[in-house]
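Working notes for the structure below.
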Amino acid sequence: MLKGFKSRGLEQVELFLSDGVVGMKEAICQSYPKAHFQRCLVHVMRNISAKMRVDDRQKALDEFKQIHTQSNKEMAVQVLHEFYQNWEKAYKNVVRDLRQVEPDLLTFYNYPPAIRASIT
1 MLKGFKSRGL EQVELFLSDG VVGMKEAICQ SYPKAHFQRC LVHVMRNISA KMRVDDRQKA
61 LDEFKQIHTQ SNKEMAVQVL HEFYQNWEKA YKNVVRDLRQ VEPDLLTFYN YPPAIRASIT
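Residue numbers (the UniProt record's numbering): 1 to 120.
Next comes the structure, spelled out in structure tokens:
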């Protein structure tokens with residue numbers, strides 16, 4: 001796909017938004033090294049939901065959604081880390097997986113507030 005973009009003349013991309021497909025970020029970095037990468041938060045929430053007990057899902061997702069309603073990245077990091085603290089004991093694998101992709105969860109905060117909702 002990325003080679004096809006290049007062959008059709010796409011020289012630079014500002015931002016890629018993707019799910020957690022294995023190797024996608026690395027392929028993007030090779031083809032478009034200046035591009036930013038944002039993990040799709042809808043897919044992240046689906047993954048969180050799939051790994052939690054039904055009784056915990058709504059509360060956890062409501063907390064996680066607060067990440068993209070903050071006014072700045074620093075506040076979003078704080079909310080995300082609170083999410084880790086609240087759920088790590090019961091769902092250590094969920095929190096471990098989120099920590100591994102944390103930089104890719106908050107890229108949208110590098111953009112103006114007016115377009116953030118369309119990025120996540």
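Every residue, glycine too, gets a C-beta built ideally from N, C-alpha and C. No experiment lies behind these values; they were computed from the predicted model shown.
Helix, strand or coil for residue i? Go by DSSP, reduced to three states.
| i | result |
| --- | --- |
| R39 | strand |
| residue 140 | This structure cannot settle anything about residue 140, because the visible part of the chain is limited to 1 through 120. |
| L80 | helix |
| residue 197 | The structure shown has nothing for residue 197, since the chain only spans 1 to 120. |
| M24 | helix |
| A90 | coil |
Taking only the alpha-carbon atoms, compute the straight-line gap between residue i and residue j and give it to the nearest angstrom.
| i | j | result |
| --- | --- | --- |
| K59 | M75 | 20 Å |
| R96 | E82 | 14 Å |
| Q85 | R8 | 46 Å |
| F37 | L105 | 9 Å |
| I48 | Q30 | 29 Å |
| Q70 | V94 | 22 Å |
Could you tell me whether the Cβ atoms of residue i and residue j are closer together than 8 Å?
| i | j | result |
| --- | --- | --- |
| L2 | A27 | yes |
| H43 | G20 | yes |
| V79 | Q66 | yes |
What residue from the options has the CA that sits closest to residue i's CA?
| i | options | result |
| --- | --- | --- |
| V54 | Y32, Y91 and P112 | Y91 |
| L98 | Y109, N72, C40 and P112 | C40 |
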